[in-house]
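Input: a single structure, listed below in structure tokens.
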């Protein structure tokens, strides 16, 4: 049984409540509940026995895993991460077993004082969804001697209330709005809403009750769209938590079935002539050699060691997997792979599931090894989901299988099997996990066929996002096909031909070759200007992140760079790049463009782009917070370094600076004035052009005012769409309604181009709408003269532009503004401008 734990004071000094900590992240208990201390000693001591599960690279913070499973995070000072390790000397390493009172970190407070906002040291329970403080110290403390805090399993501290629990519990009702009921992603939304508050929240439905912080328990209730659910909340922030969870339950999200092409889940496995049927996951045609893949089951130590050792082993494995998932999420974000990012975000929610981790820890306490305990806990939850009469929830069991395998591999120290796939192969497996697919290079797969799986699985979502033809639920017969055999996959028709005859192969190759020939033809003409049939030039530019992308843009025929995402210089680093590093990167891009111009956007972080060392404060609604230029205003030295590096780039005539998330003229003028001041300080006489990114409705509505002071405007349709339609673009459940062809967005674009025209400014589009070939005639008709896309799409977009008549586009686009939906706009656009 998990026991209560008493912590000793890690430092001498005065105890402070978290409310007194001068940092909103800790004061708001975003990192967990706990206690702080204003230190009078400088050596951080272990408050209890345990294992070091994590230590910050900069040495200012450390997490200790106690024998009862509590994660104790100790953070010395406020914003001390910015010191990059100066003033801190760690005395232990990750994985070390330590004793209560053992020195952990030496801090040079004489050096740190004045360089950090505060020396206040915070001790919080990182897994506050499983443990809570039952008692906290007050007054002056003695390091290693005084009782600091008593920690108990969640619920134990509230087991002895002075007022009956029923009197403290708030209740409410919610009508579920999610199209597929409560599956993984809605459950993760509810979990996040519950975890944001210091409260205990549960859901009651159909005679069952589930912890709102447990994704699997929520899915296990079997709640469907339109069901009435009772919500109960108790604790310090019960009212806020109740409202947030009800809102998460009632949020409208489309059915995940909309992401998959319609196909019968009961499609016959064997068809005529030995062909194999299945369910469509991603359309397309593919020919290639078969690669069969079957991941081996990880080895599990059956015999338990010492109880404390098993707890520590489980804690280390969970920490390892968390770090791996976070790294994969970060890599997905850097590539712009929103689908993979969202899936790994759901995996993190499962890893934080108190029911899963609690079950594993209870088994360890009952004498099981860490591996057996976690395996059994994960499989019990998988069986529960698989047994439910809901295909969508049953498919989520695959995510638990992925997580189970990763934790067991971390426990065993083994390396995961990775599919070895030669380029343009057809991968066949019983089933795949997102982790399996994430390891494969983009060009490895010609197609995917799975014996099991479903069209709404996370693997299916990933292959659709990659444009790889795929078929699932094909049955065990596909596993008998020999490695290396050439097969024909018509995923659109849901047919795999394991022994295609020469006529079938010839016809399929003809279709594939026709597509390739078309692409080859447009690539041959890619370096030529894009000019409409009636003689109007359109600049087709490329969106890039670095010098390598710039060379690729030139190879693909881009006329210029329409967007350099400079934040990629700041991601996956331990500190911000210096002026010199930034200048070298910007200059390398401009040099690689061989005389072409480049629009370089100032750093755009915040929202869905996190850079840990910038220590931006936690925000309840980050999409409306310190994003884009606002983060630059919040860190003026960072913005100054970037502007100075850009001013040093030559030639200035080929450089254009773009400001993200500008809301009005004041934002623009603030940067314009500072740019001029820096130029004077640096002795720079020629200034680059300065443009504004139109991403928020206010900027579109004030385009005429902005154009008076800016040299150009560039529309970021991704954010402009989400803010106009009030749909979070990082939420996969809202993706179906997030269409940039919505007439509301078209009207804002029209207003932008009209405002720019008053001052003779040009308007470009660098968001996803520019990559939508159906949208090209609409954008040109609305007055856009520059389109910026990924380098590989430049040839096709130029070919599309050359097939259009601009005057016709201008004439036909106006009636589209009067339509009532994006679907109507798309249908009409296809009639007017059919693609060849």
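Numbering (my numbering), first residue to last: 201 to 1036.
The C-beta atom is built at its ideal place from N, Cα and C for all residues, glycine as well.
Only a predicted model underlies this, so the values are computations on that prediction, with no experimental measurement involved.
- Query: Would DSSP call residue 924 helix, strand or coil?
  - Reply: helix
- Query: Got a sec, what are the start and stop residues for the alpha helix (DSSP H) residue 695 sits in?
  - Reply: No alpha helix (DSSP H) contains residue 695, which is instead part of the beta strand (DSSP E) from 695 to 697.
- Task: Buried or exposed for residue 737, please, with buried defined as at least 16 other CB atoms from any protein chain shown within 10 angstroms of its CB.
- Result: An exposed status is given to residue 737, since fewer than 16 other beta-carbon atoms sit within 10 Å of its beta-carbon.
- Query: So what does DSSP say about residue 565, is it helix, strand or coil?
  - Reply: helix
- Would you identify the three-state DSSP class for residue 598, choosing helix, strand or coil? helix
- Check the Cβ-Cβ distances between residue 639 and every residue of chain D, and say whether any is below 7 Å. Checking the listed chains, one finds no chain D in this structure; it contains a single protein chain.
- Message: One question on the structure: do residue 335 and residue 350 come within less than 7 Å of each other, judged by their Cβ atoms?
- Response: yes
- Can you give the Cα-Cα distance for residue 226 and residue 684, rounded to whole angstroms? Spanning the two alpha carbons is a distance of roughly 57 Å.
- Query: Between which two residues does the beta strand (DSSP E) harbouring residue 996 extend?
  - Reply: Looking at the DSSP string, residue 996 is not in any beta strand (DSSP E); the run it does join, the alpha helix (DSSP H), is 994 to 1002.
- Task: Go through the stretch 719 to 780 residue by residue and report every complete run of the alpha helix (DSSP H) that reaches 4 residues or more, in order.
- Result: 747 to 755
- Task: Could you tell me the distance, in whole angstroms, from the CA atom of residue 176 to the CA atom of residue 845?
- Result: This structure gives no information on residue 176, because the portion of the chain shown stretches from 201 to 1036.
- Query: What number of angstroms, rounded off, separates the C-alpha of residue 740 from the C-alpha of residue 948?
  - Reply: 22 Å
- Query: Three-state secondary structure (DSSP) at residue 272?
  - Reply: strand
- Straight-line gap, residue 446 to residue 545 (C-alpha atoms, nearest Å): 22 Å
- Selection from 250, 256, 261, 909 that minimises the alpha carbon distance to residue 269: 250
- Using 8 Å as the threshold, is the stretch 779 to 791 in touch with the stretch 841 to 856, meaning 3 or more CB pairs across them? Yes, since at least three Cβ pairs between the stretch 779 to 791 and the stretch 841 to 856 fall closer than 8 Å, the two stretches touch.
- State the start and end residues of the unbroken beta strand (DSSP E) segment that holds residue 347. 347 to 353
- Whose CA, out of 547, 575, 425, lies closest to the CA of residue 560? 575
- Near residue 492, which residues of its chain fall below 6 Å by C-beta distance, leaving aside the five closest residues on each side in sequence? 628, 683
- Message: At the level of alpha carbons, what is the spacing between residue 222 and residue 967?
- Response: If you take the alpha carbons of residue 222 and residue 967, they lie about 39 Å apart.
- Counting pairs of Cβ atoms below 8 Å between the stretch 643 to 650 and the stretch 431 to 447, do you hit three or more? The stretch 643 to 650 is not in contact with the stretch 431 to 447.
- Quick one: give me the first and last residue of the beta strand (DSSP E) that residue 375 is part of. 370 to 375
- Message: Beta-carbon within less than 6 Å of residue 750's beta-carbon, same chain only, minus the 5 sequence neighbours each way: which residues are those?
- Response: Result list for residue 750: 744, 789, 792, 793, in chain order.
- Shortest alpha-carbon distance to residue 319 belongs to which of 653, 974, 261, 410? Proximity to residue 319 across 653, 974, 261, 410 peaks at 261, based on C-alpha coordinates.
- Message: Considering only the alpha carbon of each residue, which of 840, 604, 837, 860 lies closest to residue 829?
- Response: 860
- Query: Out of 869, 850, 800, which has the shortest C-alpha to C-alpha gap to residue 1038?
  - Reply: Because the chain here runs from 201 to 1036, residue 1038 falls outside it and cannot be looked at.
- Message: Suppose contacts are defined by Cβ-Cβ distances below 7 Å. Is residue 500 in contact with residue 608 by that definition?
- Response: Cβ atoms of residue 500 and residue 608: closer than 7 Å.
- Message: Between 843, 803, 895, which has its C-alpha nearest residue 873's C-alpha?
- Response: 843
- Task: Report buried or exposed for residue 367, applying the criterion of at least 16 other Cβ atoms within 10 angstroms of its Cβ.
- Result: Only weak support exists for where residue 367 lies, its pLDDT of 43 falling under 50; the coordinates are left without a value.
- Hey, could you find the ends of the beta strand (DSSP E) residue 1026 is sitting in? Run containing residue 1026: none in the beta strand (DSSP E); it sits in the alpha helix (DSSP H), 1022 to 1032.
- Query: Between residue 376 and residue 410, what straight-line distance do the alpha-carbon atoms span, to the nearest angstrom?
  - Reply: 16 Å
- Message: Does residue 311 pass the burial test, meaning 16 or more other C-beta atoms within 10 Å, or should it be called exposed?
- Response: Within 10 angstroms of the beta-carbon of residue 311 lie fewer than 16 other beta-carbons, which makes it exposed.
- Query: DSSP state of residue 873, grouped into three classes?
  - Reply: helix
- When DSSP builds the beta bridges, which residues end up paired with residue 411? According to DSSP, which records beta bridges pairwise, residue 411 is partnered with 402.
- Check the DSSP bridge columns for residue 889 and list the partner residues they point to. DSSP lists 856 as the bridge partner or partners of residue 889.
- In chain order, what residues of the same chain lie with their CB nearer than 6 Å to the CB of residue 405, ignoring the 5 residues before and after it? 421, 423, 429
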